[in-house]
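A.B. asks: Below you'll find the structure I mean.
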Amino acid sequence: MLNLEELPTGQDIMALAASVVAQEFDAVIIGAGFSGMYQLLSLRDKLGLKARVLEAADGLGGTWYWNRYPGARCDSESHSYSYYFSKELLAEWNWTERYPEQPEILRYLNHVADRFDLRRDIQLNTRVKSARYDKAANRWTVTTEQGEIFQCTYFITAVGCLSSANVPKIDGLNDFGGDWYHTGQWPHEGVDFTGKRVGVVGTGSTGIQAIPVIAAQAKHLTVFQRTANYSIPARNAPLTEEFKRYAKEHANDIHVIMNSNTNAHPFYIKSRSVFDVSDDEREQIFEAAWAKGGLAFRAEFSDTLLDARANKVVADFIRRKIRAIVKDETTAELLADIDHPFAAKRPPVDSHYFETYNLPHVDLVNIRKHPIERITSSGIKTAEKVYPLDIIVFATGFDAMTGSLLKIDIEGRDGLRLKDAWHAGPRNYLGLQVPGFPNMFTVTGPGSPSVLCNMPPAIEHHVDWITNCIAHMREHGVRCIEADDQAAHSWVLEVNEAANSTLLPSATHSWYLGANVPGKPRVFMPYAGGFAKYRKIVEERTQAGYQGFSLST
Ligand code: N01
């Protein structure tokens, strides 16, 4: 018998049709964070293209949508952690604190989406599964996990550098009777630590932000430290009206400074060497920079990251500070026993991180000496003892820079898969394009300064380049742009050379090298030659007729 209630409705049929009939766009952008939103605005409003953003989350914000852990805050100063493409936006938005907290950044990005009417072209809850290039049609076909199909000429990944959570594979995690969380996938409703015994694994930038805030609530906190880390006090505070006015009135100057220095922060690295000044003078400089706080601490001397002897002088100052702050001698020694040069891993900034270890209910465990063996139903078992826990927080970082890209099955020209092209590590040209993947652009891809920078200026630079490139293509009847194999080969060498001329690779366990993810190729991924130099290289090669790219009509 025919059951009329089970017959598909018109809506069902429409949904089914939408899921199999390809939707046509000029450009498809993956990700609705800082990058994807500005890329959408640029292609749609400046070039008049039909563009669609596909976003896996049910809200926009990218990394700031996911990273809601306690204490989540940007280490860049708010007035620099902003879009600079719109004077009006700069003039109307008011940051409240020196460093913006995650909810405030999310409010900012939602404001941008509303102000520029972006939402109508952002499709949420849509995880991209695969993307395939069709050479004959010169089109990309993008397929989502829901089975929707999108076709486009320009395929742009704006997936973020730090968005693929790295949950360590520790035996027994499934047996844990309490709750566990990764900081990069934090529950929206928050986590109540009141009365709980909490364990935090990881002491990178995230752990260092979260630990003091969790300690303020938890009954007991055990921090599992594998690698001790430097940290500089953030000295966060509400912004004064005077500073807000200054930042608005000097927005142009600040923008110039960010675009013309090494890390895209609103300050220059001073040109003096650690050894240009007397011991007393140096101590005063360090003390003043420590009192001021923030990432500018590393900008006091030009050779901090270039000369191991100079770096040791800086590192020893921080070690002395740790020993002065932390009262228990054994804990202080464990925190100060740092095995890599200062800033060779991304230097964290903190609010009372080292002070937290003076609290009676906070313990530090050396898992370098006594590694975690397994997780039991009631806690973490190291080679030494069992630590009973109600909640475990993994602040264990990300499969950085390549993880989110390689999760998507991307197939370029002649059946070449990105995961095969990158089996020995990311290989691309200027961090913008991969040989074999025509008309695919990677915003802040590996091989660009990205994570070594304050991200918004790095993002704006890439988005502007991609937008101008597409405009050029359309003006000149160019169907297709692709990085040359030889250019990519040379660029990988340039990226290695830039890293090797600094102390960055000497932190052998850093995520810059992919060392935090078992089995990941050890390749230094970001371009370490500095943002200003990188911009110059990109500009020169673009002006030279897109040198290193093949443009076909
Ligand atoms: O991650 P990390 P993160 N067992 O990889 C440890 C950005 N960020 O989330 O060093 C035990 O730096 C690991 O130990 P080790 C910023 O760019 C920005 O903290 O590998 N421990 C380390 O201590 C930053 O650099 C802001 O020995 C394990 C920690 O977990 C990046 O995000 C704020 C382990 C991971 O540190 C990543 O920072 C916060 C294991 N199996 C973060 N695996 C802003 O301000 C890893 N660890 C914008």
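Numbering (this note's numbering), first residue to last: 585 to 1137.
Here a beta-carbon is modelled for each residue, glycine too, at the ideal position from N, C-alpha and C.
The structure presented is a predicted model; accordingly, all values stated were derived computationally and were not measured.
Can you check whether the CB of Arg930 is closer than 9 Å to the CB of Val1035?
C.D. replies: Along the sequence shown, read from residue 1 onward, the residue named residue 1035 stands at position 451. Along the sequence shown, read from residue 1 onward, the residue named residue 930 stands at position 346. Cβ atoms of Val1035 and Arg930: closer than 9 Å.
A.B. asks: State the Cα-Cα distance for the pair Gly1009 and Thr790, rounded to the nearest angstrom.
C.D. replies: What you label residue 1009 is simply residue 425 of the sequence shown in a count that begins at 1. What you label residue 790 is simply residue 206 of the sequence shown in a count that begins at 1. In a straight line, the C-alpha of Gly1009 is about 25 Å away from that of Thr790.
A.B. asks: Can you tell me whether Glu729 is helix, strand or coil according to DSSP?
C.D. replies: Taking the sequence shown and counting its residues from 1, one reaches residue 729 at position 145. Correct three-state label for Glu729: coil.
A.B. asks: Measuring straight from C-alpha to C-alpha, what distance separates Pro1030 and Gly779?
C.D. replies: Stepping through the sequence shown from its first residue, residue 1030 is reached at position 446. Stepping through the sequence shown from its first residue, residue 779 is reached at position 195. Looking at the two C-alpha atoms, the distance is approximately 43 Å.
A.B. asks: Across the segment 1090-1110 and the segment 828-838, are there enough close Cβ pairs to call them in contact, namely three or more that are closer than 8 Å?
C.D. replies: Contact between the segment 1090-1110 and the segment 828-838 is absent, because fewer than three Cβ pairs lie under 8 Å.
A.B. asks: Ordered along the chain, which non-local residues of its own chain (more than five positions away) have a Cβ less than 6 Å from that of Thr915?
C.D. replies: The residue given as residue 915 occupies position 331 in the sequence shown. Hits under 6 Å: Tyr941 and Leu948.
A.B. asks: For the alpha helix (DSSP H) containing Cys1053, list its first residue and its last residue.
C.D. replies: Start at 1 with the first residue of the sequence shown, and residue 1053 comes out as number 469. Looking at the DSSP string, the run of the alpha helix (DSSP H) that includes Cys1053 is Met1039 to Glu1059.
A.B. asks: If we call anything under 9 Å between Cβ atoms a contact, is Pro1110 one with Ser664?
C.D. replies: Taking the first residue of the sequence shown as 1, we reach residue 1110 at position 526. Taking the first residue of the sequence shown as 1, we reach residue 664 at position 80. Going by C-beta atoms, Pro1110 is not nearer than 9 Å to Ser664.
A.B. asks: Check the C-beta distance from Gly973 over to Gly963 and give it rounded, since I have them as a contact under 8 Å.
C.D. replies: Sequence index remark: in the sequence shown, residue 973 carries index 389 (1-based). Sequence index remark: in the sequence shown, residue 963 carries index 379 (1-based). The question names Gly, but residue 973 is Leu in the sequence shown. Confirmed, about 4 Å.
A.B. asks: What residue range does the beta strand (DSSP E) around Pro972 cover?
C.D. replies: For this step, residue 972 is matched to residue 388 along the sequence shown. That run of the beta strand (DSSP E) goes Val970 to Pro972.
A.B. asks: Considering just the uninterrupted stretch of the alpha helix (DSSP H) at Asn895, what are its terminal residues?
C.D. replies: On the sequence shown, position 311 is the one that residue 895 refers to. From DSSP, the alpha helix (DSSP H) with Asn895 extends over Ala892 to Ile909.
A.B. asks: Near Leu708, what residues of its chain come up, given a Cβ to Cβ distance below 6 Å and the 5 sequence neighbours on each side ignored?
C.D. replies: Translated into the one-based positions of the sequence shown, residue 708 becomes position 124. Taken in chain order, the residues that qualify are Glu639 and Asp642.
A.B. asks: Within the continuous beta strand (DSSP E) that includes Asn950, where are the two ends?
C.D. replies: The residue given as residue 950 occupies position 366 in the sequence shown. Unbroken beta strand (DSSP E) run through Asn950: Val946 to Asn950.
A.B. asks: Looking only at its own chain, which residues have a Cβ that is under 7 Å from the Cβ of Ala1005, when we skip the five neighbours before and after it?
C.D. replies: The count along the sequence shown starts at 1 and reaches residue 1005 at position 421. Within the same chain, Ala1005 has close Cβ partners Arg1011, Val1018 and Gly1020.
A.B. asks: Any heavy atom of the ligand N01 inside 8 Å of the beta-carbon of Phe618?
C.D. replies: Residue 618 sits at position 34 when you count from the first residue of the sequence shown. Closer than 8 Å to some heavy atom of the ligand N01: that does not describe the Cβ of Phe618.
A.B. asks: Unbroken beta strand (DSSP E) runs of length 3 or more, entirely within the segment 957-1040: which are they?
C.D. replies: Runs found: 963-966, 970-972, 975-978, 993-995 and 1024-1026.
A.B. asks: With DSSP run on the structure shown, which of helix, strand or coil describes Phe808?
C.D. replies: Numbered from 1 along the sequence shown, position 224 holds the residue referred to as residue 808. Phe808 falls in the strand class under three-state DSSP.
A.B. asks: Checking the sheet assignment: what are the DSSP bridge partners for Thr778?
C.D. replies: Position 194 of the sequence shown, counting from 1, holds the residue named residue 778. Note: Thr778 sits in a beta bridge opposite Ala802.
A.B. asks: What does the alpha-carbon distance come out to for the pair Cys877 and Gln793?
C.D. replies: Stepping through the sequence shown from its first residue, residue 877 is reached at position 293. Stepping through the sequence shown from its first residue, residue 793 is reached at position 209. Looking at the sequence itself, residue 877 is Gly, so the reference to Cys does not match. The straight-line gap from Cα to Cα measures roughly 15 Å.
A.B. asks: Hey, how far is the Cα of Ala984 from the Cα of Val1122?
C.D. replies: For the purposes of this step, residue 984 is taken as residue 400 along the sequence shown, with counting starting at 1. For the purposes of this step, residue 1122 is taken as residue 538 along the sequence shown, with counting starting at 1. The alpha-carbon atoms of Ala984 and Val1122 are separated by roughly 23 Å.
A.B. asks: Could you say which of Ala875, Phe1133, Glu833 and Leu1135 lies nearest to Leu674 if we only look at CA atoms?
C.D. replies: Taking the first residue of the sequence shown as position 1, residue 674 is located at position 90. Selected option, being the one with the closest Cα: Glu833.
A.B. asks: Note down the Cα distance separating Asp701 from Glu871, rounded to an integer number of angstroms.
C.D. replies: Taking the first residue of the sequence shown as 1, we reach residue 701 at position 117. Taking the first residue of the sequence shown as 1, we reach residue 871 at position 287. Spanning the two alpha carbons is a distance of roughly 47 Å.
A.B. asks: Classify Thr1026 as buried or exposed, calling it buried when 16 or more other Cβ atoms lie within 10 Å of its own Cβ.
C.D. replies: The sequence position of residue 1026 within the sequence shown is 442, counting from 1. Counting Cβ neighbours within 10 Å, Thr1026 comes out buried, since at least 16 surround it.
A.B. asks: Does DSSP put Asp863 in a helix, in a strand, or in coil?
C.D. replies: Along the sequence shown, one-based indexing puts residue 863 at 279. Here Asp863 sits in helix by DSSP.
A.B. asks: Please name the residue or residues paired with Phe739 in a DSSP beta bridge.
C.D. replies: What you label residue 739 is simply residue 155 of the sequence shown in a count that begins at 1. In the DSSP output, where bridge partners are listed per residue, Phe739 has Val612 and Met1024.
A.B. asks: Helix, strand or coil: how does DSSP classify Gln607 here?
C.D. replies: Counted from its first residue, the sequence shown places residue 607 at position 23. If DSSP states are grouped into helix, strand and coil, Gln607 belongs with the strands.
A.B. asks: Starting from Ser1074, trace the alpha helix (DSSP H) in both directions and tell me its first and last residue.
C.D. replies: Against the sequence shown, residue 1074 aligns to sequence position 490. Looking at the DSSP string, the run of the alpha helix (DSSP H) that includes Ser1074 is Asp1069 to Asn1084.
A.B. asks: Terminal residues of the continuous beta strand (DSSP E) containing Leu638?
C.D. replies: Against the sequence shown, residue 638 aligns to sequence position 54. Element bounds for Leu638: Ala635 to Leu638.
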